[in-house]
Amino acid sequence: MVDKVVELPVSIEVPVGPQHPALHEPILLKAYVDGETVVKVEVNTGYNHRGIEKLCEQNTFYKDIFIVGRVCGICNTVHTDVYVRALEQILGLEPNRRAKYLRVVAMELERIHSHMLINAVMAEVVGFDTLFMNIMLDREKVMKAKEILTGARVMADYMMVGGVRRDLSDVDAGRISKLVEQVRERLSYYKRVFEEDTTISKRLMEVGVLKRVDAVRHTLLGPVARASGVRIDARVSDKYDAYDELPPEVVVRGEGDSWARMMVRWDEALVSAEIVLGALSKLPRDGSPVPDERKLPRKFPPGEAYTRVEAPRGELTYYVMSDGKANPYRVKIRTPSFTNIINSAFLYEGYTIADLPVILASLDPCISCMERAVVTDLRTGERRTVPFTQLSGVDRKWRGRDFYLL
Amino acid sequence: MTTTVAQAGGFVKPNRRVFTVEPSRVRNVFLDLVRERGQEGFYVSTIVGVDLKEEGLIRVDYFVVLLPEEETVVFRTSVPRDNPVVDSIVDIVPGALSGELETHDLLGVLFRGNPHLRRGFFVPSDVAEKGVYPLRRG
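Residue numbers (full-length UniProt numbering), protein chains in the order written: chain A, 1 to 406; chain B, 1 to 138.
Now the structure itself:
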């Protein structure tokens, strides 16, 4: 006769974060799991709100160039580029062709190293540490190329209203081309590794499948959307800077799984390498790309501009509003991760905990131990709570298996 | 674009067409868009709230990218500063979620019908507890 019933919680809450273990991001993914299966994920942000938009309202238009460059360390040239172009729209200014070409070179170098970084992290998350280190080693070549171009490996501060802040000599252009050619070879190699390695394909294929319609409805952008068959690319549609003369090939795949997203990144990095080499080989010589900063307009007319750029992670947009005073009235930054992370909670549903790659890297088993089960004694109506550790058989008195057989 | 409830109203540089909408008709605009272009015909890129203190208004701009041509258009609506309420569109376009959460947390615009709306999603909890909306003007 049954005299005891064990009410197990239907789902267990597994918090991942706020110090995100795999990506070092202060975000909390609260995963609800039924056994191994994720049934729901809640995204909690706000651990790192730095008030950049407010800061921009309190500084001048020109100082803000250096503030927005610090939104992100990995893609700082795209942030400054899109902001600077918004200012140029308000002022009615246009940089010369050489400056536009150099901007494209900086941004495409950034795309290569950003894609290499995330693919390396993915290799680490699936447990392939050697691949991680090899990719990071080759990424150093791109950082070197970026240093030759902008003067800094990471924080470039390269864009300026009306142009860029450094010219490029022919010798340095040759050095960058040489480095990019070396990297291009390595990119093809890593692409082949991701195609052929069984560990990677087993862990990534058919995991986190995103349908085309969901990508569009939930505003998922960049390589994520392109891996689900959505042909969007701000470089092609807006033709900003020199992309009218250096049109990129839009890489689109149909699978929509995690593997496709990584493959889109490898292909895009290869396309970027071609763009850099192409741009450097036909760098226009229509004067200095460096504007005379003393001659730049001090006053901004009232107006508003909304510019887009294809950042490594997807469409990045800036809205800048000027009311004719010294500071911008409003600066609105919408980064691609803002929608890609917050709106993507549905993507985890139905996959296992191990498929949450970040959880795989760093699942802290103590957290789930903290959840309790309720035991009801049907004869006396008494209710007691039992920790999972006891149910799992650490304590012989509460052997979970015995409970089900009672 | 044959969306019936929106009126053409200028441009945001460079060449982003602006359509002004009454706050009560915002949902109709997006229902029209889904009907005319389908679920895969557009996405909500961002929602920009601007506190226009002198006019006593909060302006809410919906930046929508039309596919496959990738043209960005703006649906602009204004709500009174002391009672900023707009109907939520997350049930029609789930991609508007992050934008609505942010505009609520930083500017205090209430998106009626959004079940996920709460303070402290982006701003630190001490700011949220004081009832401060950081992007409101002075």
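Note that beta-carbon positions come from the ideal geometry of N, C-alpha and C, so glycine has one too. This structure is a prediction, so every number in the text was calculated from the model and none was measured.
Distance CB(residue i)-CB(residue j) smaller than 8 Å
i	j	result
Glu-315/A	Ala-234/A	yes
Thr-72/B	Val-86/B	no
Pro-289/A	Gly-163/A	yes
Asn-119/A	Trp-266/A	yes
Lys-211/A	Gly-254/A	no
Pro-68/B	Arg-217/A	no
Tyr-240/A	Val-38/A	no
Glu-110/A	Val-12/B	no
Leu-187/A	Ala-273/A	yes
Val-5/B	Val-29/B	yes
Asp-64/A	Tyr-47/A	no
Asn-76/A	Ala-156/A	yes
Gly-99/B	Leu-66/B	no
Leu-296/A	Val-161/A	yes
Val-123/B	His-49/A	yes
Val-78/A	Val-309/A	yes
Ile-64/B	Ser-45/B	For the record, residue 64/B in the displayed sequence is Val; it is not Ile. Yes.
Gly-229/A	Val-252/A	yes
Pro-134/B	Gly-69/A	no
Straight-line Cα distance separating residue j from residue i
i	j	result
Pro-336/A	Val-224/A	10 Å
Val-74/B	Leu-91/A	21 Å
Glu-13/A	Asn-343/A	20 Å
Thr-219/A	Ala-145/A	33 Å
Phe-300/A	Tyr-306/A	16 Å
Tyr-190/A	Leu-131/A	9 Å
Glu-195/A	Arg-261/A	12 Å
Ile-200/A	Arg-165/A	42 Å
Lys-30/A	Val-171/A	52 Å
Ile-47/B	Lys-178/A	43 Å
Lys-202/A	Val-71/A	35 Å
Arg-22/B	Leu-283/A	Here the sequence assigns Glu to residue 22/B, which means Arg is not the residue at that position. Computed Cα separation, rounded: 49 Å.
Gly-151/A	Asp-34/A	51 Å
Leu-117/B	Thr-45/A	13 Å
Ile-367/A	Pro-15/A	Residue confidence for Ile-367/A is low, a pLDDT of 25 falling below 50, so the modelled location carries little weight and cannot support an answer.
Ala-8/B	Arg-16/B	11 Å
Gly-10/B	Arg-103/A	30 Å
Ser-392/A	Tyr-32/A	For Ser-392/A, the pLDDT reaches just 48, beneath the cut-off of 50, and the residue's location in the model is therefore unreliable, although a value from the coordinates is still provided. C-alpha separation (whole angstroms): 20 Å.
Ile-112/A	Phe-66/A	23 Å
Val-135/A	Gly-287/A	Looking at the sequence provided, one finds Ile at residue 135/A rather than Val. The alpha-carbon atoms of Ile-135/A and Gly-287/A are separated by roughly 38 Å.
Gly-127/A	Pro-291/A	48 Å
Val-209/A	Glu-349/A	10 Å
Asp-197/A	Arg-139/A	21 Å
Residue span of the alpha helix (DSSP H) that contains residue i, given as start and end
i	result
Thr-103/B	97-107
Arg-27/B	26-37
Ser-337/A	336-342
Tyr-101/A	97-125
Phe-66/A	61-68
Thr-150/A	129-150
Ala-194/A	The question names Ala, but residue 194/A in the sequence shown is Phe. That run of the alpha helix (DSSP H) goes 170-196.
Leu-246/A	Element bounds for Leu-246/A: n/a, residue is neither H nor E.
Val-78/A	76-91
Cys-72/A	Here Cys-72/A belongs to no alpha helix (DSSP H), and DSSP marks it neither H nor E.
Cβ-heavy atom distance, residue i to the ligand ADP, below 7 Å
i	result
Leu-55/A	By its list of ligands, the structure shown contains no ligand whatsoever, and the ligand ADP lies outside what it can speak to.
Local Cβ density within 10 Å of residue i, reported as buried at 16 or more and exposed below that
i	result
Met-159/A	buried
Asp-402/A	Note that Asp-402/A scores a pLDDT of 39, beneath 50, so its modelled location is shaky; the value from the coordinates is reported in the next line. Per the 10 Å Cβ criterion, exposed.
Lys-141/A	buried
Ser-281/A	exposed
Pro-357/A	Only weak support exists for where Pro-357/A lies, its pLDDT of 48 falling under 50; the value from the coordinates is given anyway. Looking at its Cβ environment, which holds 16 or more other Cβ atoms inside 10 Å, Pro-357/A is buried.
Gln-89/A	buried
Leu-137/A	exposed
Met-321/A	buried
Phe-346/A	exposed
Met-107/A	buried
Arg-35/B	exposed
Glu-53/A	buried
Strand pairing of residue i, partner residues [DSSP]
i	result
Asp-61/B	Val-48/B, Arg-76/B
Lys-30/A	Pro-15/A, Glu-42/A
Glu-304/A	Met-321/A
Arg-137/B	Beta-bridge pairing links Arg-137/B to no other residue.
Arg-330/A	Met-321/A
Thr-352/A	Thr-37/A
Run of the beta strand (DSSP E) containing residue i, from where it starts to where it stops
i	result
Glu-42/A	37-44
Val-85/B	85-87
residue 140/B	In the structure displayed, chain B extends from 1 to 138; residue 140/B sits before or after that span and is not available.
Val-127/B	Not the beta strand (DSSP E): Val-127/B falls in the alpha helix (DSSP H), residues 125-129.
Arg-217/A	Counting along the chain, Arg-217/A falls outside any beta strand (DSSP E), though it belongs to the alpha helix (DSSP H) covering 212-217.
Thr-20/B	16-20
Arg-112/B	110-112
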